[in-house]
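Here is the structure we will look at.
Below you can see the structure in the form of structure tokens.
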């Protein structure tokens, strides 16, 4: 582009990075390297030599092969038709790659068809001769659960507007002064998309998970992390939220995780329905996958690819949920590249800019007023895989400084098959106060009171457990034994939620009703206890 | 493509298995080189890094005897490939794919790069067909399915090889014996850094096995770098047998701890920044490049199932090797020293063990409709029993309620009757019947 195509050559290769001799490069410019024309991005500039991180395996690449500057940054293509698609970390459509090149991913292979090649019917809402303002809708495309409005990125008087199949190459609108409006455009992934302002009022993002919605509620436009050792159910929780959360659009990034899990998820998502709209789940979902054995530099880029697509739908006025599994794998990719660049390492070998990159990424979440005055939100839920389940490691700690909620997944709970294994003492949500009013208004006035009571009971149980460790249950007073019974019920029937049954989703009303019943039974039982009835009799009746 | 053979004797330095070569023209990343020692014998090497005309080469094999003046390095212009053919069946090779069974090398149909290619996630077929291992603690509670990667976390001194040998002998894909898409199952056995004693043990197990097998044997005395190569040969062969010949391939790798130590050794020689416990920062990606090769492909009958054995250093599950393994694999089978000392075989501790792909592999039409209920009940009550053991240690059995005593007895009975089975094979039906019987005896199964 810009007529500035310069050829250079490869000087050296080290892991996922390549040094090239190519004058006039800019930082973060896209470069293709090798005869296979593999994509890469400039990460360091030196006089006479630039370092490029390559999004493909560098095996077999030779010194002296060509390097070509493209004049553009790493971008993604935005426009109607993204929903329901599966991409790799660089927005290459996986279905098309599979159809054209077979089951294995080969370096430098591109799909001849772009993801937006499928047929999308455009219906104009403006007529030729009319005038349009920036941000105004010019027409729409029906896309899965949403009516995807195309917004004008330029103002003027319409000369021609074309109804029918969208064509990526030709404009939908020609303005009277010769300028054109296209349905698709490219956006650099590392550049946050602009908005007018961030909003400060919060609505909850209902996840359908009782322990989250009730104890640690999440706000639209907020972010949440959940760290947990292996086997604590991070992926299952992440996928369960992707299935049931009250969001218009879900963007799911499988970042450095298991291939079989992605296969499972894709299988589930094509067969399940969105509980809120009853439409197929996949029709509201965009998946970006970079499994652990796919090139490591593309893993680094994958979360940016995903967040840019998410921001695009936010700008159309939707509530978007971005889920990433897992941010640790992204950080490790960053570390691998940093180490190939021979940068000075910070804690545990991670580059010193780890926490500022994380903070910059988190800042792309938010509820916003868009440039044309709509309200949209982008919420992030990110899993973290701390080595050895040790939360003092740099990635968890860097995230804790920025995140709005923290769901700590507990290995102990997981070993007891208590899922979701969210520890109710260590976890927190800074949005609790912001969204309580909403739940009190829409669900029940008792919401906050019952939550307080539940918390107090769980706290008391913890102290009682210490006593039981020493004297046994028999040594407890009846009132305390009753409380232990109640908290066991809270844990088993309220906090635990089986992701494989109908119980996987619980509406706020159901959530409240369930805890209310448990606490009501407790009150009734303690009243009888006070009147002198035997605890064993009361419990027998309850069972 | 290069026309002539490039040969250099411009060695800058030799450090352990690494060799720096100067003034090389157009080297290729991961290119295979042939090194001719001053005494005339040859070894292979691989290009690890290129900086201008200086090339870093990893010598595969022994680097003793290299010198800076007479050693010659020839560049082959090709990356490391594995020979593929059905003739590989029932043969044994070393870590460089040289036959060690006294028979001549076979003639390959074709060659494929040992590093393999990542499988497109949308081409993956969801794993959901049972592999019956004959071990109750696995089949009943942590079911293995085709295309899964399920490591065995062992501790030094625990009978992991007896368990592995048992699985080699008893494992069957599908619920019946006669199954398997195209020609039944194959075991690819990869031994890394094994002592001769261990090797002899596995050798006998492979001989007792009825089906086909392929063995790649790297003994403790063999070159360290071959430990990095052997599993890649094994997996390349496995992918070929599975996806081109429709076989269900079970790849058993022992011991991944030796693999990771070899990785650390090479990384340290390269003077890379060490990560946790000195292991390189890219160990996760490196392990993933092996483990992720397990799987099934849509429209293809075969499967690659991976059973790596990991010996946890210091019995510590948070050590980087088991930790990173657990993050990549779909669950883990954890062996317990305590159970072993109480004479239970196999000493599988079911509480920290897990099979992530179990849900779809069991139940009506796959195993039995009551499988899930039985597994959940066993797990829950055993966990309660184990909790109570701690209490028992403090207050003594006399201080406990009858209900608690019952759970203690249940936990003991579970360990002795279900987990413990000796070397006898138990079919899945037998496992479920025994489990059901146990639960009913304690009145713990709600119909």
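Chains as they are written, first to last, in the working numbering: chain L, 435 to 977; chain S, 517 to 963.
A virtual CB, placed ideally from N, CA and C, is assigned to each residue, including glycine.
Please state whether DSSP places residue i in a helix, a strand or coil.
| i | result |
| --- | --- |
| residue 698(S) | Low per-residue confidence applies at residue 698(S): pLDDT is 45, beneath 50, and the placement is therefore not dependable enough to give any value. |
| residue 905(L) | helix |
| residue 655(S) | helix |
| residue 943(L) | helix |
| residue 732(S) | strand |
| residue 552(S) | strand |
| residue 569(L) | coil |
| residue 548(L) | coil |
| residue 692(S) | With a pLDDT of 39 at residue 692(S), under the threshold of 50, the modelled position of that residue is not reliable, and no figure is offered here. |
| residue 762(L) | helix |
| residue 852(L) | coil |
| residue 858(L) | coil |
| residue 819(L) | coil |
| residue 586(S) | coil |
| residue 671(S) | coil |
| residue 557(S) | coil |
| residue 964(S) | Past the boundaries of the shown model lies residue 964(S); chain S is included only from 517 to 963, so the question cannot be answered. |
| residue 623(S) | coil |
| residue 537(S) | strand |
| residue 836(L) | coil |
| residue 918(L) | helix |
| residue 715(S) | helix |
| residue 442(L) | strand |
| residue 844(S) | helix |
| residue 959(L) | helix |
Residues in its own chain within less than 8 Å of residue i by CB, not counting five upstream and five downstream?
| i | result |
| --- | --- |
| residue 606(S) | 728, 729, 730 |
| residue 950(S) | 652, 933, 934, 942 |
| residue 630(L) | 802, 803, 804, 805, 807 |
| residue 623(S) | 601, 603 |
| residue 811(S) | 635, 640, 641, 643, 663, 819, 820 |
Looking at the strands, I want to know which residues DSSP matches up with residue i.
| i | result |
| --- | --- |
| residue 801(L) | 811(L) |
| residue 636(S) | Paired residue(s): none; residue 636(S) is not in a bridge. |
| residue 577(L) | 580(L) |
| residue 892(S) | Residue 892(S) pairs with nothing; no bridge assigned. |
| residue 865(S) | 850(S) |
| residue 944(S) | DSSP lists no partner for residue 944(S). |
| residue 665(S) | 822(S) |
| residue 383(L) | Residue 383(L) cannot be examined here, being either before or after the span of chain L that is shown, 435 to 977. |
Taking 6 Å as the limit between beta carbons, can you name the residues of its chain near residue i, skipping five residues before and five after?
| i | result |
| --- | --- |
| residue 772(S) | 824, 826 |
| residue 581(L) | 574 |
| residue 499(L) | 444, 468, 469 |
| residue 753(L) | 654, 681, 682, 811 |
| residue 748(L) | 754, 810, 812 |
| residue 706(S) | 732, 746, 747, 750, 769 |
| residue 678(L) | 642, 709, 939 |
Once you ignore the five residues that flank residue i on each side, which residues in its own chain have a CB closer than 7 Å to its CB?
| i | result |
| --- | --- |
| residue 625(S) | 600, 601 |
| residue 821(L) | 827 |
| residue 952(L) | 920, 923, 924, 927, 928 |
| residue 627(S) | 597, 598, 599, 600 |
| residue 888(S) | 878, 879 |
| residue 529(S) | 536 |
Residue ranges of each alpha helix (DSSP H) run of no fewer than 4 residues wholly in the stretch 692-732 of chain L, ordered along the chain? 693-705
Using a Cβ-Cβ cut-off of less than 8 Å, give me the residues of the stretch 807-837 of chain L that come near chain S, in sequence order. 819, 821, 822, 823, 824
Listed from N- to C-terminal order along the chain, which residues in the stretch 537-564 of chain L have their beta-carbon within a distance smaller than 9 Å of any beta-carbon of chain S? 537, 538, 539, 540, 541
Every unbroken alpha helix (DSSP H) inside the stretch 583-636 of chain L [4 residues or more]: You should have found no qualifying run.
Against chain S, which members of the stretch 683-697 of chain L pass a CB distance test of less than 9 Å? Listed by position along the chain: 688, 690, 691, 692, 693, 694, 695, 696, 697.
For the stretch 754-842 of chain S, list the alpha helix (DSSP H) runs that are entirely contained and at least 4 residues long, ordered along the chain. 772-785, 799-807
At a CB distance below 8 Å, what residues from the stretch 768-779 of chain L approach chain S? Give them in sequence order. 769, 770, 773, 779
Residues of the stretch 721-744 of chain L in Cβ contact with chain S at a cutoff of 7 Å, in chain order, please. Going along the stretch 721-744 of chain L in chain order, one finds 723, 725, 726, 727, 728, 730 with a Cβ nearer than 7 Å to chain S.
Taking only beta carbons into account, state which residues of the stretch 639-667 of chain L come closer than 7 Å to chain S, listed in chain order. 664, 665
Minimum length 3: unbroken beta strand (DSSP E) runs contained in the stretch 645-696 of chain L: 657-661, 683-689
Given a limit of 9 Å on CB to CB distance, which residues of the stretch 653-673 of chain S reach chain L? 663, 664, 665
What are the residues of the stretch 477-499 of chain L that lie near chain S, defined by any Cβ-Cβ distance shorter than 7 Å? 492, 493, 494, 495, 496, 497, 498
Using Cβ-Cβ distances below 8 Å, what residues of the stretch 541-552 of chain S are close to chain L? 541, 542, 543, 544, 545, 546, 547
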